[in-house]
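Chemist:
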Amino acid sequence: MRDGFIRVAAVTPKIRVADPEYNAQQIIDLIHQGYSRGVKLMVFPELCLTAYTCSDLFFQSSLLEGARKELGRIISATKDKDILVFLGMPWEREGKLYNVAAVIQGGRLQGLVPKKSLPNYSEFYEARHFCPGNETPVFVPWEDRPVPMGMNLLFRCTNMKGFTVGAEICEDVWVPCPPSIRHCLAGATVIVNCSASDETTGKDVYRHELICSQSARLVCGYVYANAGEGESTQDLVFGGQNIIAENGNCLVESRRFINESICADLDVERLCSERRRMTTFPSPDDARKEGSYMIVDFELSLKDGDDRSAQAAQAYGLSGTGKDILRFVDPAPFVPHDERQRSRRCEEILSIQAMGLKKRLEHTGCQHAVVGLSGGLDSTLALLVTVRAFDSLKIPRSNIHCVTMPCFGTTDRTYHNACTMAAKVGAELKEINIRQAVSQHFTDIGQDMDNHDVTYENSQARERTQVLMDIANQVGGLVIGTGDMSELALGWATYNGDHMSMYGVNASVPKTLVRHLVRYYADTCNEQELSEVLMDVLDTPVSPELLPPEDGQISQKTEDLVGPYELHDFYLYYILRYGYAPAKIYRMALQAFKGQYDRETILKWMKVFYRRFFSQQFKRSCLPDGPKVGSVAVSPRGDLRMPSDACSRLWMEELEKIH
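The opening residue of the sequence shown carries number 1 in UniProt numbering; numbering runs sequentially from there.
#1: So residue 428 is in the beta strand (DSSP E); what residue range does that whole segment cover?
#2: Determine the contact status of residue 265 and residue 326, defining contact as a CB-CB distance below 7 Å.
#3: Where does the unbroken alpha helix (DSSP H) through residue 346 begin, and where does it stop?
#4: Please go through the same chain and pick out, in chain order, the residues whose beta-carbon is closer than 7 Å to the beta-carbon of residue 392, but skip the five residues on each side of it.
#5: With three or more beta-carbon pairs closer than 8 Å as the criterion, would you say the stretch 103 to 112 touches the stretch 74 to 84?
#6: Are residue 429 and residue 437 closer than 7 Å when you measure CB to CB?
#7: With 16 other CB atoms within 10 Å as the buried threshold, where does residue 322 fall?
#8: What is the rounded straight-line gap between the Cα of residue 417 and the Cα of residue 522?
#9: Report the option in 88, 157, 377 and 72 whose CA atom is closest to the CA atom of residue 144.
#10: So, are the CB atoms of residue 195 and residue 46 less than 7 Å apart?
#11: Could you spell out the range, first to last residue, of the alpha helix (DSSP H) harbouring residue 204?
#12: Within this structure, are the beta carbons of residue 273 and residue 262 separated by less than 7 Å?
#13: How should residue 388 be labelled, buried or exposed, when 16 other C-beta atoms within 10 angstroms of its C-beta is the threshold for buried?
#14: With a threshold of 16 other CB atoms inside 10 Å of the CB of residue 433, please say whether the residue is buried or exposed.
#15: Using only CA atoms, which one of 5, 577 and 88 lies nearest to residue 11?
#16: Classify residue 396 as buried or exposed, calling it buried when 16 or more other Cβ atoms lie within 10 Å of its own Cβ.
#17: For residue 74 and residue 18, which I take to be in contact (beta-carbon distance under 8 Å), what is that distance rounded to the nearest angstrom?
#18: Would you report the Cα separation of residue 215 and residue 551, rounded to the nearest angstrom?
#19: To the nearest angstrom, how far is it from the Cα of residue 240 to the Cα of residue 634?
#20: Starting from residue 148, trace the beta strand (DSSP E) both ways and give me its first and last residue.
#21: Would you mind working out which of 368, 331, 449 and 139 sits nearest residue 548, comparing C-alpha positions?
#22: Would residue 234 be called buried (16 or more neighbouring beta carbons within 10 Å of its own) or exposed?
#23: If you count every other CB in all the chains shown that lies within 10 Å of the CB of residue 556, and 16 or more means buried, which is it?
#24: Taking the alpha-carbon positions, what's the residue 467 to residue 398 distance?
#25: When the Cα atoms are used, what is the spatial distance from residue 639 to residue 282?
#26: To the nearest angstrom, how far is it from the Cα of residue 309 to the Cα of residue 8?
#27: Which residues bound the beta strand (DSSP E) around residue 281?
#28: Could you have a look at residue 468 and say whether DSSP puts it in helix, strand or coil?
#29: Can you give me the C-alpha to C-alpha distance between residue 610 and residue 333, rounded to a whole angstrom?
#30: Suppose contacts are defined by Cβ-Cβ distances below 7 Å. Is residue 154 in contact with residue 287 by that definition?
#31: Give the single residue among 114, 137, 121 and 176 whose Cα lies nearest to the Cα of residue 130.
#32: Just the Cα atoms here: how many angstroms apart are residue 171 and residue 576?
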């Protein structure tokens, strides 16, 4: 598949205990189904070729020989199938029995990964039948060629950068130091687990958390396939809880007590990008040497857009074009969809912002703050954060000096909202009409009042900043910056105007999140009139109000000029967080905003974003201080150390090739 995505599946076949022939046929049928859905990596449960619950039947030569014979049939069935398969079975070597994952690809047995941690407590008696697996690989005979067998085997796809698979079996992930740790340190980006974990009350919750947490800790994809219906219920029940996780996120999970196949597209490029960014994630070279690792190379056809991908898309309710990604692509990556998580996130961010400002006020000894209050979203959030900081320091809210500065573009709606808001939070409100000052400035520099160009607009913004700075000097206070991260990313700020402040509380808050923070405050402030004015601010179009109104209404709408902020925030997240190429972000945006924006609109505003992002870095290079609140930020002292004169040619050329 393209763009670093690889389709994986965790599969639970319905098997019969001690019937390898029947079980092999179920496995073959499921491999055919997975192949038809474009699956490239398929994982089956532990000992599924015989059943995990064979108990002392594992000592029977007939069962072991039957398993080897059926393994051969499965291998033959994959000769024309472009798929990597892991399945569990017993394996005899030099008179000892091992619990292994057989690795099959391209009609060949590529390797055998034995289980190390054999539980022999409570309901488990594996040490009665099996020996712990060897770490250093050895070669064992299989038909006409030797095959590597050992825990320290990694399977590397030679034609997909970063796609390297390691395996562990069931209990291996439950122990204090799972083999998957060594595997990932040695270069594995995807871990598979062939498991037979029985059901007891509450175990599913721990199992889910264990797999997701392990994928987060190791910055890897984790494909967990569990035994289900068909295993003996003499003493135990197996629920078939399959999980596909990626770096802490559960992409898909099967229902329990129903044998299911689950599929998802892992983003291997995302994993590699995250590890590359984390300088504390070690290079795999030393780990491979110390662990005596053997690399088994294989090759996959990585085309997509064919009939098999289209069938997969249709099977999972997608459009069926064959270009869809089999995972949820969040159109609002900065905003949690779950209401409870979103509320928690909002409370946390407001606290981070307030704590940052609190420290700056304490350090400077300032008892006053100055906020330019326009009645728009950003200045509203800045005021609410300032109120929190003042309350935590027990400074009277009357020491917050809100300044509203009407000029040529100010509307009655935003003006009245600013006045009402300041009154409701108990701040001081000062109104300074800057029309005369700006008009005089136009006269001084020879600017035609009827020429509504960038000079006309920016002169107003710079006059407002001058007023705020001078008032701050008068009262001995700090000017609180109101601009948000989305505006900074686009350079949608007047240099040395609203771009400048003494502490920018919104500097790392994207516009899509600003809305939710203000809404959260409105929902939780327990002040009806304040809540009402905040809700009206939310309903007001985003605008700098620098051009004259039309019939009393806002004439200058930001998103009409630079594009929808929800698109720009989507681009911003994936550009800065993972360093994705434009083509990949475009493809993801098509899926995330399907039915909302067409292809031409998405591409148009992507070009605007890249052009402005590169050309406006000089504004970000001299940003005022401000607190980082999330995983993406544009501070020149932290997350984005980018030359102001970097060339955008590579990115723009790639965008021009998109059709």
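Note that beta-carbon positions come from the ideal geometry of N, C-alpha and C, so glycine has one too.
Modeler: According to the data block:
#1: 428 to 431
#2: yes
#3: 339 to 364
#4: 354 and 358
#5: yes
#6: no
#7: For residue 322, the predicted structure reports a pLDDT of 45, less than 50, and the residue's modelled location is therefore unreliable. A value from the coordinates is still provided. So residue 322 counts as buried.
#8: 14 Å
#9: 72
#10: yes
#11: 203 to 217
#12: no
#13: buried
#14: exposed
#15: 88
#16: exposed
#17: Incorrect: roughly 17 Å between the Cβ atoms, too far for contact.
#18: 57 Å
#19: 45 Å
#20: 145 to 149
#21: 449
#22: exposed
#23: buried
#24: 19 Å
#25: 21 Å
#26: Residue confidence is low: residue 309 scores 47 on pLDDT, short of 50, so the model does not pin down where it sits. Its coordinate-derived value is still stated next. Looking at the two C-alpha atoms, the distance is approximately 13 Å.
#27: Segment: none, residue 281 is in no beta strand (DSSP E) and carries neither H nor E.
#28: helix
#29: 19 Å
#30: no
#31: 114
#32: 38 Å
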